[in-house]
DNA sequence: GTTACGTTCAAGTGTTTCATTGAACGTGGC
DNA sequence: GCCACGTTCAATGAAACACTTGAACGTAAC
């Protein structure tokens, strides 16, 4: 009996890694973690899974080096391990988008027609950050607190109204959210456009911005700022 | 029965795709197919699987759009469907290499040419430019004309064949292209490796090389040179 | 100490995936 | 038409996976 060839072993290891990505819940966890680290409880709440189940999926990800855990007091904070993970997720997204008619259908049904307006590129936005562009962050408060674009205003779903008084009509507005498949910034843009503002969407989302080495700011949101 | 959210549907679809990659045999098939199309029989022979099993795995890949089939007479020739597939494989490799100590162990234990799997650094290449290293530029002609590595040969996609006669088998070859997210040089390396050449990839691509202040040459390509 | 809480582990159950076998299908040569 | 060949399909049993439950562990507060 010959020992299995190193070639086979490598393919096996790669297959294990792929299988670690091969579960919707784990992908959702990774997607959440790409926003910033979270503890098990919060992840369970956000995904609607039981805590035990969440923990087990996190273990599976950890076994494969996809997430890191940092312990602080009674909490275990999970986060993406490294940039390869985010890159692989993006590759998987692109792959699925390209090869799956079903996915294209979903995208065109829910997202595509919402974005007739061309997104702002990261380069463009960064270059104009000093020129008085108003940047809106459409994610929930806690994700905002973990990191956001410099000067961005936190405008989670449903809070647009409180913002309207202070939002200048004569400045360009750029909104962003979690990423390509997050609908929050689409909604925000649609809402403000309907009210006559000059709003555009940032391409991709916050994780990609940070992974790109762009400037990031942290801290609690100040909802009154504009 | 509630309608599942589009977000969940997307994660499900992505997970399916990841699971399609989550089997050593399928990865081996994809790896073989990245070097050119093959029929079922030959793939079964190359992988040591039964024909029926090979066929079933190919069906699984085909369901997910990872491979295409072309029928010619009694033969069905399978091949990679598109560039996203290759890019995803590349990302999966990088991910596994980065996150799996086991994989690193296998590589260092069995692969004498461990560094053949790793890219050549800019420093290393520049130091060896005078020592008869053959440098291949995998970008389109017009980009080559605007600037390339000193002595580099222009080998755009699909032109490898014309090069084979003049390419020396006893010299180290280094290929590069546009950068990290360009797969031309990967393809070129894969193709030439399959033919038995000693080929490696330059880390990053030409823009990074130039931005780094390394020597650059300009002018039209001479496709005959070697 | 004891208690409360967040997290992890282990066992049980239903579902999915994998390889094998043997048969069926479709095309080209006779 | 008939056969040969390459490929695909369907059914089986074995293995791996997902989710639940309930218990165990470790830290912080009392």
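Residue numbers (the working numbering), protein chains in the order written: chain A, 1 to 226; chain B, 227 to 452.
All C-beta atoms, glycine included, are put in the ideal place defined by N, C-alpha and C.
Quick caveat: nothing in here was measured; it's all calculated off a predicted structure.
By alpha-carbon positions, which one of B:284, B:289 and B:291 ends up nearest to residue 302 (chain B)?
Residue numbering aside, residue 302 (chain B) sits at position 76 when the second chain is read from its first letter. The option with the nearest alpha carbon to residue 302 (chain B) is B:284.
Extent of the continuous alpha helix (DSSP H) to which residue 361 (chain B) belongs:
Taking the second chain and counting its residues from 1, one reaches residue 361 (chain B) at position 135. Run containing residue 361 (chain B): none in the alpha helix (DSSP H); it sits in the beta strand (DSSP E), 360-363.
C-beta neighbour in chain A for residue 265 (chain B), strict 8 Å:
Taking the second chain and counting its residues from 1, one reaches residue 265 (chain B) at position 39. No, residue 265 (chain B) lies away from the interface with chain A (no Cβ there is under 8 Å from its Cβ).
Using a C-beta cutoff of 8 Å, does residue 249 (chain B) count as contacting chain A?
On the second chain, position 23 is the one that residue 249 (chain B) refers to. Yes - at least one Cβ of chain A is within 8 Å of the one on residue 249 (chain B).
Do the CB positions of residue 147 (chain A) and residue 178 (chain A) come within less than 8 Å of each other?
As a working mapping, residue 147 (chain A) is identified with position 147 in the first chain. As a working mapping, residue 178 (chain A) is identified with position 178 in the first chain. No, the Cβ-Cβ distance between residue 147 (chain A) and residue 178 (chain A) is not below 8 Å.
Could you give the distance in angstroms between the alpha-carbon of residue 423 (chain B) and the alpha-carbon of residue 412 (chain B)?
The residue labelled residue 423 (chain B) in the question sits at position 197 within the second chain. The residue labelled residue 412 (chain B) in the question sits at position 186 within the second chain. Residue 423 (chain B) and residue 412 (chain B): Cα-Cα distance of roughly 14 Å.
Distance between residue 418 (chain B) and residue 21 (chain A) (C-alpha atoms, nearest Å):
The residue labelled residue 21 (chain A) in the question sits at position 21 within the first chain. The residue labelled residue 418 (chain B) in the question sits at position 192 within the second chain. Their backbone Cα atoms lie some 31 Å apart in a straight line.
Give every residue of the same chain whose Cβ lies closer than 7 Å to the Cβ of residue 38 (chain A), excluding the five residues on either side of it in the sequence, and list them in chain order.
Walking along the first chain from the start, residue 38 (chain A) turns up at place 38. Answer for residue 38 (chain A): 32, 77 and 78, listed in chain order.
Any idea if residue 441 (chain B) is buried or exposed, counting beta-carbon neighbours within 10 angstroms, 16 or more meaning buried?
Mapped onto the second chain, residue 441 (chain B) falls at position 215. That one is exposed.
Residue environment, residue 272 (chain B), which counts as buried when at least 16 other CB atoms sit within 10 Å
Here the question's residue 272 (chain B) lines up with position 46 in the second chain. Exposed: under 16 other Cβ atoms inside 10 Å.
Taking Cβ-Cβ distances shorter than 7 Å, what residues in chain B pair up with residue 28 (chain A)?
Here residue 28 (chain A) refers to the residue found at position 28 when the first chain is read from its first residue. The answer, in chain order, is 237.
Residue 43 (chain A) beta carbon less than 8 Å from that of residue 244 (chain B):
Numbered from 1 along the second chain, position 18 holds the residue referred to as residue 244 (chain B). Numbered from 1 along the first chain, position 43 holds the residue referred to as residue 43 (chain A). No. Outside cutoff.
Just by C-beta distance, which residues in the region 81-98 of chain A are closer than 9 Å to chain B?
81, 82, 83, 84, 85, 87, 88, 89, 90, 91, 92, 93, 94, 95, 96, 97 and 98
Determine the direct distance from the alpha carbon of residue 142 (chain A) to that of residue 351 (chain B), and round the result to whole angstroms.
The residue you call residue 351 (chain B) lines up with position 125 of the second chain. The residue you call residue 142 (chain A) lines up with position 142 of the first chain. Going by the C-alpha atoms only, they are around 47 Å apart.
By the DSSP assignment, the beta strand (DSSP E) with residue 75 (chain A) in it spans what residues?
Stepping through the first chain from its first residue, residue 75 (chain A) is reached at position 75. It spans 75-80 - the beta strand (DSSP E) in which residue 75 (chain A) sits, taken as one unbroken run.
If I'm right that residue 133 (chain A) touches residue 171 (chain A) with Cβ under 8 Å, what's the distance once you round it to whole angstroms?
Residue mapping note: residue 133 (chain A) aligns to position 133 of the first chain, counting from 1. Residue mapping note: residue 171 (chain A) aligns to position 171 of the first chain, counting from 1. With 8 Å as the limit, residue 133 (chain A) and residue 171 (chain A) qualify as a contact, their Cβ atoms being about 7 Å apart.
Identity of the residue in A:219, A:207, A:212 and A:213 nearest residue 36 (chain A) by Cα
The residue given as residue 36 (chain A) occupies position 36 in the first chain. For residue 36 (chain A), the nearest C-alpha among the options comes from A:207.
Do you know how far the Cα of residue 81 (chain A) is from the Cα of residue 73 (chain A)?
Residue numbering aside, residue 73 (chain A) sits at position 73 when the first chain is read from its first letter. Residue numbering aside, residue 81 (chain A) sits at position 81 when the first chain is read from its first letter. If you take the alpha carbons of residue 73 (chain A) and residue 81 (chain A), they lie about 21 Å apart.
What are the boundary residues of the beta strand (DSSP E) that residue 67 (chain A) is part of?
Residue 67 (chain A) sits at position 67 when you count from the first residue of the first chain. Run containing residue 67 (chain A): 67-72, per the beta strand (DSSP E) assignment.
Of all the residues that make up the region 406-438 of chain B, which are near chain A by a beta-carbon distance shorter than 8 Å?
none
With DSSP as the reference, identify every bridge partner of residue 173 (chain A), one or two as the case may be.
To locate residue 173 (chain A), count along the first chain from 1; it is residue 173. DSSP, once it has assigned bridges, lists A:134 and A:199 as partnering residue 173 (chain A).
Say whether chain B places a C-beta atom closer than 8 Å to the C-beta of residue 100 (chain A).
The count along the first chain starts at 1 and reaches residue 100 (chain A) at position 100. Yes, residue 100 (chain A) lies at the interface with chain B (some Cβ there is under 8 Å from its Cβ).
When burial is assigned at 16 or more other CB atoms within 10 Å of the CB, is residue 421 (chain B) buried or exposed?
Indexing the second chain from 1 puts residue 421 (chain B) at position 195. When all chains shown are included, residue 421 (chain B) counts as exposed.
Our contact map puts residue 176 (chain A) next to residue 210 (chain A) with C-beta atoms below 8 Å; I'd like the distance itself, whole angstroms only.
Walking along the first chain from the start, residue 176 (chain A) turns up at place 176. Walking along the first chain from the start, residue 210 (chain A) turns up at place 210. The Cβ separation is near 11 Å, so there is no contact.
Excluding the five sequence neighbours on either side, which residues of its own chain have a C-beta within less than 8 Å of the C-beta of residue 377 (chain B), listed in chain order?
Mapped onto the second chain, residue 377 (chain B) falls at position 151. Closer than 8 Å at Cβ, skipping near neighbours: 355, 361 and 443.
Beta-carbon spacing of residue 410 (chain B), residue 348 (chain B) below 8 Å
Counted from its first residue, the second chain places residue 410 (chain B) at position 184. Counted from its first residue, the second chain places residue 348 (chain B) at position 122. The answer is no: Cβ separation not under 8 Å.
Apply the 10 Å Cβ neighbour rule to residue 90 (chain A) and answer buried if 16 or more other Cβ atoms are within range, or exposed otherwise.
Taking the first chain and counting its residues from 1, one reaches residue 90 (chain A) at position 90. Buried.
Mapping DSSP to helix, strand and coil, what is residue 440 (chain B)?
Against the second chain, residue 440 (chain B) aligns to sequence position 214. In the structure shown, residue 440 (chain B) sits in coil (DSSP, three-state: anything other than H, G, I, E or B).
Tell me which residues of the region 52-70 of chain A have at least one Cβ-Cβ distance to chain B shorter than 7 Å, keeping chain order.
64, 65 and 66
Can you find a C-beta in chain B that's less than 8 Å from the C-beta of residue 15 (chain A)?
Taking the first residue of the first chain as position 1, residue 15 (chain A) is located at position 15. Cβ-Cβ to chain B under 8 Å: yes for residue 15 (chain A).
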